[in-house]
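What follows is a single structure, written as structure tokens, with notes after it.
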Amino acid sequence: MSGPIGKPTPFIDAVQKVTGQAMYAGDYRMPNMLYVRFLRSTESHAIISKLDTSEAESYPGVCAVVIGKEIPISFGVLPISPDENAIAIDKVRYKGEIVAAVAAETIEAAREGAKIIQVEYEPIRLFLEPEDSLETCAFHEQIHSHTKNGKNIHKTAELRFNEPEKEIKTAAHVRREKFKFAGVTHAFTEPHSTIAVWNGDDTLTVISATQVPHYLHRNLAKVLGLPMHSIQVKKPALGGGFGGKSDPFPHEIITAYMAMKTKRPVKCTFSREEVFITNHGRHPTEIDMSVSCDQNGKITALDTDIIIDGGAYGSFGVVTSYYNGVLLQGPYRINKFGFRTRRVYTNKPQCGAMRGHGAVNPRYAVEVMLDMLAHDMNMDPCDLRINNFLPENTLTVGQLRITSNGVRECLDTVRMKCDWDNRYGKLPSGHGLGVACGFFISGSALPIIWNRYPQTVVHAKLDFDGRIVMFSGASDIGQGSDTVLVQIAAEELGITMGHVQVEVADTKITPVDLGSYSSRVTFMVGNAAKTAATKVREEMAKAIAKEKGVIAENLIFNNCRIYTKDETVDLSWEEGVEIALAGRGAFVESGYYISPKLGGTFKGAGAGLSPAYSFGAFISEVKVNPNTGEVNVIKIWGAHDCGKALNPLSVEGQIEGSIHMGLGQAMSEELRYKNGQQMNANFFDYRIPSSLDTPDMDITIIESNDAEGPYGAKEAGEGPIHPVLPSIGNAIYDAVGIRMMELPITPDKVLSKLRGGE
Amino acid sequence: MDYYHSPSSIKDALSMAGKFSGNYTIFAGGTDIQIYRKQQLDTNEHIIDLSGIDELNSIATKEGILHLGAMTTLDEIISSDEIQLHYPLIAEAAKSVATPVLRKTATIGGNLLVKNRCVFYNQSQAWRNGMGSCLRDVGTICQVTGGKKDCYSRNVSDTAAALIALGAEITLMTPDGITQKPLKDIYLPCGIKFHNLEEHSILTQISVPIKPKKWWYKKLRLRKTLDFTSLTVAATVDINSIARVCLNGVSMSPILVEQTMDTLTQENLTRQARKNCKTVDNDLMPLKYRREMINVFLEEWWDSIEII
Ligand SMILES: Cc1cc2nc3c(=O)[nH]c(=O)nc-3n(C[C@H](O)[C@H](O)[C@H](O)COP(=O)(O)OP(=O)(O)OC[C@H]3O[C@@H](n4cnc5c(N)ncnc54)[C@H](O)[C@@H]3O)c2cc1C
Ligand code: SF4
């Protein structure tokens, strides 16, 4: 490849971001803009027995007060569980839920207005822990009326293949263990922010910090009762999402509704505490898992029962429930396989999708259990894994189609780099190494809402200024998708990246893309962009070939020149553009991506399907202080198979970010609750590892060149997080011989185990 | 800004304090107090910012005694050759406070007077409305113990532990004159009124007399930087073999055990320390663990002494 593809490429928006020039949602200001603040529930589960907004309505500066009944249509990112209202109607389900909204001339007036709304509650039975929600309760006590059998179970996802439970009873080596994981949250830098404008032509423009402009677009239309063609959703520069901005949110709908109602621009920006309360982070999880092996160290069966604590609403929970199970089908061959996940509603802020969606906690469990089995069998944990890897081009037991697969190379690489064979099991007490592997989807093969459209479309426009503009609905949330669009066009057309610009994530201007979730963007948008740019090249070549009397296929686009090998034609890019546009002017070419038809026909077969899967292997090195239980993660070696690194700089960044985020969940991050109230809803008490806590990282990119990915690429944004956590857990075992079955692994838990407690 | 005042002398500051009596807040670096303002835990109308008073910013040694102006920043203390060489314990404690960026503004005076903390109190107004406010705020019960009388918020000053272990004295100025007293005497075992400073006092100077023969310092926290302490232990042994072991972060005020090494044993040290600590479950680290760590830290100190 002669262009920028495969070369470390700084993001096109990097300078703008670091100099403060980039416009985030919070930076937008409109003339006559109103500000929205909320009255939030101080109860976890209660009937709203009185709600009197009259005083607030006459408070100086207040322009509108809205309560739930005014916006009665429910919504949710998944069409199967639209269980949320923009503002609580009749009852509240968690502390912090929005009970009323106030729009006013100033933030202060909006805040004061919200304060003087009179509200009274009648508390209902609380369901704070999953075990509470598994109990039967009276109908009026249920968190949602739609759950069955008098319980607060939102979803039970279950799949079984080949009776794993039978195998587990008789296998040579079996382990059954229980694990517990605290909830964690995305902790992105930029708080949620939305501006809505009601335009003179009776259309609505919403500028929002979102990863999913398309789903916001759809849900706005549904709840506000507007046709989709009257709504424009724009995503400006975005300061991180990690799944935390991948739902349509109440505040977005309320802000838009306020703009419709007042006919004035309206803005809402969250405080950090509101971001925490809004959550949608990783589910607190309890896992009961059994894994068996035969005499030769082949995994024979896996069976697991999982409970995930969804909080008050559905969000992505149905998908999360499936992902907890189905994404255990790799990277090892397991032919007898079963899982059941129950997602319960509780009276806490809702959980949803977060980097590594649904698969992080069960990955910890299975990788720790493989480590235990390796010890039981006196086998090296790396060898046990190698013994069980899925090959390339195969189907898993649940018919996930594995194509390229670099997991073996990943493991060999980290094993060699950390000198595993000479050091594992041989380090002094308190010092250890641990290994783990992982795999993840490169985009969900199925759209969230069933339809007959492609999953993404990209337009490439060429005009006589010689500029290519790539139009894509893709949402750059800091992961660099805008840069990938530019790289691809420059690569295909042999021009500089400076010749290419993007127009992105604007539902009025750009073709639909489903959003930045499930690690789909580089794979799907990349493929569509490549097609669109290739078509522009072909159009140009056709015109030039005709004019110059050569064969179109013989024209080479490189280095801002268009030439034949024998140089009978040798044009500058601008000359080529002139010929191509003669008599027709600017033109647009279009590319799209639809995932191939994949998977089985059984119920639930769609979960976890992806056109390709990434793989990885990580090794962690830790030191444990036996007196205090403090764990120091000193180094992590990570090797990740992303197919082909279109931009090695950003792939490395994703792996480093995954290590940091995985480390946080493993060691210190945890959303704590007391009586349903978050105890640490701020960046001081929610403890993200600092730079001093972050280990040295040794990162290797493995390229397995996937046949279907653009230039061979697969995902790199989520897969690298999975092996991080269990590699740390396993290293602690190597260091001090204890198994950490509960995350985060705080010093008190380590010390208690070291002293023989549970 | 008629609420913000920036005096350029101690005298001016004191007269402002008199003028706004009962309704002012002193800002040193502001790194602690600003959060109380934002969370509406400090609602005084007037701010008296001491950062314009140059005479409060100094590091000097006179006749073997180290004098620190109250407005000296922690960063200046850490990078002072004099302190690094002769008072490494102070440097070490200062270095364990907050983060490098905060230490560029945070002052030693502010650190000694940092407000007591509790997970049920150091929260936003909205949060407190949700949980119910407590004794120290406008409520009637302690959210930790359910009691109606006592507040157990923790003194978290890291440098207080170090400076008390060094036997530091402080100078306070009031409109009535100057007082000097041992640093340890300003702390009260009460979570609500944790200092006994007279009204209108300004802390101007910290004086450190002893260069200990041995010193030891350790801070317990989940992350290697940023976090407030869950337990700080600073200990010294002077040339007369007097041990001064000061614990902070585990009670309403720093706990000092001062005794000659001739009679001190590890058991009685631990017993004295544990007896005086009123540790309750108001930190993010679990109570049981924090209590265990008192023993572990004191044991580590004891072992280190014996080695030397
Ligand atoms: C993220 C973060 C982490 C932190 N970590 C730590 C930590 O690890 N350990 C720790 O001890 N602190 C920590 N702090 C708190 C604070 O930063 C430090 O205690 C700092 O040293 C306070 O100094 P300051 O000059 O900023 O004090 P200020 O905030 O200005 O003042 C603190 C208090 O002292 C009073 N005061 C200050 N100077 C005087 C004076 N000369 N006379 C009379 N009254 C005075 C003020 O009125 C106020 O009540 C942290 C703060 C933050 C935001
Ligand atoms: S210890 Fe009790 S009274 Fe004191 S701040 Fe905490 S909750 Fe309030």
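Protein chains in written order, with my numbering: chain H, 4 to 761; chain P, 747 to 1054. Glycine residues also receive a C-beta, built at the ideal position from the N, C-alpha and C atoms. Predicted, not measured: the structure shown is a model, and the values here were computed from it.
CB of G937(P) to nearest heavy atom of ligand 1: below 8 Å?
Here the question's residue 937(P) lines up with position 191 in the second sequence. G937(P): no, Cβ never under 8 Å from ligand 1.
Is the beta carbon of E100(H) less than 9 Å from the beta carbon of Y38(H)?
If you number the first sequence from 1, residue 100(H) lands on position 97. If you number the first sequence from 1, residue 38(H) lands on position 35. Taking 9 Å as the Cβ cut-off, E100(H) and Y38(H) do not qualify as a contacting pair.
Excluding five sequence neighbours on each side, which residues of the same chain lie with their C-beta closer than 7 Å to the C-beta of T56(H)?
Translated into the one-based positions of the first sequence, residue 56(H) becomes position 53. For T56(H), where only same-chain residues beyond five positions count, the Cβ hits under 7 Å are V68, I70, A103, I120.
I'd like to confirm something about Q732(H): is its beta-carbon nearer than 8 Å to some heavy atom of ligand 1, or not?
Counting from 1 along the first sequence, the entry for residue 732(H) is found at position 729. The residue asked about is misnamed: residue 732(H) is Gly in this sequence, not Gln. No, the beta carbon of G732(H) sits no closer than 8 Å to any heavy atom of ligand 1.
7 Å Cβ cut-off: residues of chain H touching K939(P):
For the purposes of this step, residue 939(P) is identified with residue 193 of the second sequence, where counting begins at 1. The premise fails here: K939(P) is roughly 25 Å from chain H at the closest Cβ pair, so nothing lies under 7 Å.
Going by DSSP in three states, Y782(P) sits in which element: helix, strand or coil?
As a first step, residue 782(P) is located in the second sequence; it is residue number 36 there, counting from the start. Reduced to three states, the DSSP call for Y782(P) is helix.
What is the C-beta distance between E711(H) and V187(H), in whole angstroms, given that I count them as a contact (C-beta under 8 Å)?
Stepping through the first sequence from its first residue, residue 711(H) is reached at position 708. Stepping through the first sequence from its first residue, residue 187(H) is reached at position 184. About 33 Å; that fails the 8 Å criterion.
Within its chain, find whatever has a CB closer than 7 Å to the CB of A25(H); leave out the 5 residues flanking it on each side and keep chain order.
What you label residue 25(H) is simply residue 22 of the first sequence in a count that begins at 1. So the qualifying residues of the chain are D16, Q19, A240.
Between E276(H) and chain P, is there a C-beta pair that is closer than 9 Å?
Indexing the first sequence from 1 puts residue 276(H) at position 273. Judged by the 9 Å Cβ criterion, E276(H) is in contact with chain P.
Taking 8 Å as the cut-off, does the stretch 477–492 of chain H touch the stretch 643–661 of chain H (at least 3 CB pairs, one atom from each stretch)?
yes
Are the stretch 422–436 of chain H and the stretch 701–719 of chain H touching by the rule of at least three beta carbon pairs closer than 8 Å?
no
Say whether chain P places a C-beta atom closer than 9 Å to the C-beta of P750(H).
Looking up residue 750(H) in the first sequence gives position 747. It does: the Cβ of P750(H) has a partner Cβ on chain P nearer than 9 Å.
Suppose you measure from the CA of H792(P) to the CA of N862(P); what does that come to, to the nearest Å?
Position 46 of the second sequence, counted from the first residue, corresponds to residue 792(P). Position 116 of the second sequence, counted from the first residue, corresponds to residue 862(P). Distance between the alpha carbons of H792(P) and N862(P): 22 Å.
Are the beta-carbon atoms of I988(P) and T905(P) separated by less than 9 Å?
Sequence index remark: in the second sequence, residue 988(P) carries index 242 (1-based). Sequence index remark: in the second sequence, residue 905(P) carries index 159 (1-based). No, they are not a contact pair.
Run the proximity test for V627(H): is its beta-carbon closer than 8 Å to any non-hydrogen atom belonging to ligand 1?
Within the first sequence, numbered from 1, the residue matching residue 627(H) stands at position 624. Not so, every heavy atom of ligand 1 lies at least 8 Å from the Cβ.
So with CB distances below 8 Å, who are the chain H contacts of R969(P)?
Here the question's residue 969(P) lines up with position 223 in the second sequence. Near R969(P) (Cβ distances below 8 Å), the residues of chain H are S671, R690, P692, S693, L695, D696.
Assess, as a yes-or-no matter, whether the stretch 509–517 of chain H is touched by the stretch 553–570 of chain H under the definition of 3 or more beta carbon pairs within less than 8 Å.
no
Taking contact to mean at least 3 C-beta pairs separated by less than 8 Å, is the stretch 1001–1018 of chain P in contact with the stretch 721–739 of chain H?
no
Expressed to the nearest angstrom, what Euclidean distance is found between the alpha-carbon atoms of E541(H) and A548(H)?
One-based indexing of the first sequence puts residue 541(H) at position 538. One-based indexing of the first sequence puts residue 548(H) at position 545. Taking the straight line joining both Cα atoms gives about 10 Å.
Among R345(H), I309(H), Q482(H), A377(H), which residue has its Cα nearest to the Cα of N299(H)?
Taking the first sequence and counting its residues from 1, the one referred to as residue 299(H) is at position 296. Closest by alpha carbon: A377(H).
Report the CB separation of Y763(H) from S47(H) in whole angstroms; it is logged as a contact under 8 Å.
Since the displayed chain H opens at 4 and closes at 761, residue 763(H) lies outside it and no answer follows.
Flag F866(P) as yes when its Cβ comes closer than 8 Å to any non-hydrogen atom of ligand 2, and as no otherwise.
Along the second sequence, one-based indexing puts residue 866(P) at 120. Yes; taking the cut-off as 8 Å, the Cβ of F866(P) has a heavy atom of ligand 2 nearer than that.
Below 8 Å, can you find three or more Cβ-Cβ pairs linking the stretch 716–726 of chain H to the stretch 609–623 of chain H?
yes
Can you give the Cα-Cα distance for S211(H) and S475(H), rounded to whole angstroms?
Within the first sequence, residue 211(H) is the residue found at index 208, counting from 1. Within the first sequence, residue 475(H) is the residue found at index 472, counting from 1. Computed Cα separation, rounded: 17 Å.
Kindly list the residues whose CB is nearer than 6 Å to the CB of I257(H), restricted to its own chain and excluding five residues on each side of it in sequence; keep chain order.
What you label residue 257(H) is simply residue 254 of the first sequence in a count that begins at 1. Same-chain partners within the cutoff: A89, A104.
Would DSSP call L757(H) helix, strand or coil?
Position 754 of the first sequence, counting from 1, holds the residue named residue 757(H). If DSSP states are grouped into helix, strand and coil, L757(H) belongs with the helices.
Would you say Q680(H) reaches chain P, if we count a Cβ-Cβ gap shorter than 9 Å as a contact?
Locating residue 680(H) in the first sequence gives position 677, where the first residue counts as 1. Output row for Q680(H): interface = yes.
What is the rounded straight-line gap between the Cα of T272(H) and the Cα of Q786(P)?
Reading the first sequence from its first residue, position 269 is the one you call residue 272(H). Reading the second sequence from its first residue, position 40 is the one you call residue 786(P). Each residue's alpha carbon lies about 20 Å from the other.
Could you please give me the residues that DSSP links to T982(P) through a beta bridge?
Start at 1 with the first residue of the second sequence, and residue 982(P) comes out as number 236. Per DSSP, W961(P), R990(P).
Mind checking whether the beta-carbon of N857(P) lies closer than 8 Å to any heavy atom of ligand 1?
In the second sequence, residue 857(P) corresponds to position 111, counting from 1. Yes, since a heavy atom of ligand 1 falls inside the 8 Å radius drawn around the Cβ of N857(P).
Quick test of your reading: V95(H) and A49(H), contact by CB under 8 Å. State the CB separation rounded to the nearest angstrom.
Taking the first residue of the first sequence as position 1, residue 95(H) is located at position 92. Taking the first residue of the first sequence as position 1, residue 49(H) is located at position 46. 5 Å between Cβ atoms; contact.
What does the Cβ neighbour count give for A91(H), buried or exposed, with the cut at 16 atoms within 10 Å?
For the purposes of this step, residue 91(H) is taken as residue 88 along the first sequence, with counting starting at 1. With 16 or more Cβ atoms within 10 Å of its Cβ, A91(H) is classed as buried.
Taking N396(H) as the reference, which of T406(H), N390(H), L387(H), R32(H) has the closest Cα?
As a first step, residue 396(H) is located in the first sequence; it is residue number 393 there, counting from the start. Ranking the options by Cα distance to N396(H), first place goes to T406(H).
According to the Cβ coordinates, are I389(H) and L414(H) closer than 9 Å?
As a position in the first sequence, residue 389(H) is number 386, starting the count at 1. As a position in the first sequence, residue 414(H) is number 411, starting the count at 1. A contact, by the Cβ cut-off of 9 Å.
Hey, L436(H) and S623(H): beta-carbon distance below 9 Å or not?
Numbered from 1 along the first sequence, position 433 holds the residue referred to as residue 436(H). Numbered from 1 along the first sequence, position 620 holds the residue referred to as residue 623(H). Yes, the Cβ-Cβ distance between L436(H) and S623(H) is below 9 Å.
With distances taken between CB atoms, is the gap from R114(H) to A684(H) smaller than 9 Å?
Here residue 114(H) is taken as the residue at index 111 of the first sequence, counted from 1. Here residue 684(H) is taken as the residue at index 681 of the first sequence, counted from 1. Cβ distance not < 9 Å, so R114(H) and A684(H) don't count as in contact.
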